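The letter at position 50 of the sequence shown is residue 50 when you use the UniProt record's numbering, and the numbering goes up by one with no holes.
All C-beta atoms in this analysis are idealised placements derived from N, C-alpha and C, irrespective of residue type, glycine included.
Every value quoted in this text rests on a predicted model; they were computed, and no experiment measured them.
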Amino acid sequence: MVWQMSDLEGPAEGPAEGAARSPVTETDAERRRRRAQFLRELHEAKALRERVQPRRARAARMRQAMRMRTFRW
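Encoded structure:
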């Protein structure tokens, strides 16, 4: 059986393309609120990761400290 590229691609217009075309009127306040929530969740996930994997977290802290020491302004 020979596959055609059109068979593999699926529908020509997916939900992402339709969403990109529709004008999204998002206010700065909404964007900042979503960003703040994302950053809170990211910080929480990093803290959980440090508690679960202390050895890796310590190694990561040491690498970060080394990067900061060797960085030149």
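Looking at the secondary structure, which residues open and close the alpha helix (DSSP H) in which residue i lies?
| i | result |
| --- | --- |
| PHE38 | 28–52 |
Distance check for residue j and residue i, CA to CA, integer angstroms please.
| i | j | result |
| --- | --- | --- |
| LEU34 | ARG40 | The sequence given here places Arg at residue 34; Leu does not occur at that position. Spanning the two alpha carbons is a distance of roughly 10 Å. |
| ARG67 | LEU48 | 23 Å |
| GLU44 | ARG72 | 31 Å |
| LYS46 | ALA65 | 17 Å |
| VAL52 | ARG63 | 19 Å |
| GLN37 | ARG55 | 28 Å |
| ALA29 | ARG61 | 34 Å |
| THR25 | LEU42 | 26 Å |
| ARG32 | ARG69 | 33 Å |
Counting only the same chain and skipping the five closest in sequence on each side, list residues whose C-beta sits under 8 Å from that of residue i.
| i | result |
| --- | --- |
| GLY18 | At GLY18 the pLDDT is 49, less than 50, meaning the model places this residue with poor confidence and gives no usable figure here. |
| MET1 | Low confidence applies to MET1: its pLDDT is 47, below 50, so where it sits in the model is not reliable enough to give any reading. |
Can you find the residues in the same chain that come closer than 6 Å, C-beta to C-beta, to residue i, ignoring five residues on each side of it along the sequence?
| i | result |
| --- | --- |
| GLU50 | ALA57 |
Among residues of its own chain, excluding the 5 on either side of residue i, which ones have a beta-carbon nearer than 7 Å to its beta-carbon?
| i | result |
| --- | --- |
| ALA59 | none |
So does residue i have its beta carbon nearer than 7 Å to some heavy atom of the ligand GTP?
| i | result |
| --- | --- |
| ARG69 | Among the components modelled here there is no ligand, and therefore nothing to report on the ligand GTP. |
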